[in-house]
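A.B. asks: Numbering (the working numbering), first residue to last: 15 to 154.
This is the structure, below, for whatever I ask next.
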Amino acid sequence: WAEEGTKLNLIWGPDFQTGIAEIDADHRELFKIYNNLVGLMEMGGGEEFIGETLAELIDYTRIHFSREEELLATRGCPEDAMEKHRFEHQVLLDEISLLLDTDVTKRSNRLSNETLKFLGEWLIQHTQGTDKQCAAMVNL
Numbered sequence: 015w016a017e018e019g020t021k022l023n024l025i026w027g028p029d030f031q032t033g034i035a036e037i038d039a040d041h042r043e044l045f046k047i048y049n050n051l052v053g054l055m056e057m058g059g060g061e062e063f064i065g066e067t068l069a070e071l072i073d074y075t076r077i078h079f080s081r082e083e084e085l086l087a088t089r090g091c092p093e094d095a096m097e098k099h100r101f102e103h104q105v106l107l108d109e110i111s112l113l114l115d116t117d118v119t120k121r122s123n124r125l126s127n128e129t130l131k132f133l134g135e136w137l138i139q140h141t142q143g144t145d146k147q148c149a150a151m152v153n154l
């Protein structure tokens, strides 16, 4: 989390690296898109830009999940770990869908700080937790 300005910005650092370049590149991109969304919300950015950035975050998250699951599976991540990983991904997508249905007003594309914080915390916890655990299994 950022020390200056907003507490919602994410700062990429070595603690987030999995050791798999493709996954780390995706994670950096997710951090960037997330931070763009936070910045737009804080600056009172136009509804159109917020909606587009939110859609970009969701779309890239889906692409990343698919790519990450395929990469880990082809590198030999154990099936039980993959099942847990897939489940966590699906839970997040389901939670995002529910949050957006209840949090985003159809007229304004505004997100609450709680929703932004939830997304940021999930990204941190998943990247430092399950992603690193699975990466360690295939980086032996």
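For each residue, glycine too, the CB sits at the ideal point set by N, CA and C.
Is the beta carbon of C148 closer than 8 angstroms to that of L107?
C.D. replies: The residue you call residue 107 lines up with position 93 of the sequence shown. The residue you call residue 148 lines up with position 134 of the sequence shown. Taking 8 angstroms as the Cβ cut-off, L107 and C148 do not qualify as a contacting pair.
A.B. asks: Can you list, in chain order, the residues of its chain whose CB lies under 7 angstroms from that of L54, leaving out five sequence neighbours each side?
C.D. replies: Taking the sequence shown and counting its residues from 1, the one referred to as residue 54 is at position 40. Closer than 7 angstroms at Cβ, skipping near neighbours: F63, I64, T67.
A.B. asks: Take I25 as the anchor and find which of I37, N49, A35 has the nearest alpha-carbon.
C.D. replies: Within the sequence shown, numbered from 1, the residue matching residue 25 stands at position 11. If we check each option's Cα against that of I25, N49 comes out closest.
A.B. asks: Counting only runs that start and end within the stretch 56-83, where is the beta strand (DSSP E) found for 3 or more residues in a row?
C.D. replies: As far as the stretch 56-83 is concerned, it has no whole beta strand (DSSP E) run of at least 3 residues.
A.B. asks: Measure the CB-CB distance between D38 and Q31 and report whether it falls below 8 angstroms.
C.D. replies: Within the sequence shown, the letter at position 24 stands for residue 38. Within the sequence shown, the letter at position 17 stands for residue 31. Yes.
A.B. asks: Quick check on T144: does DSSP put it in helix, strand or coil?
C.D. replies: Locating residue 144 in the sequence shown gives position 130, where the first residue counts as 1. T144 falls in the helix class under three-state DSSP.
A.B. asks: Could you say which of A35, L71, D94, R81 lies nearest to K46 if we only look at CA atoms?
C.D. replies: Translated into positions along the sequence shown, residue 46 becomes position 32. Closest option to K46, Cα to Cα, is L71.
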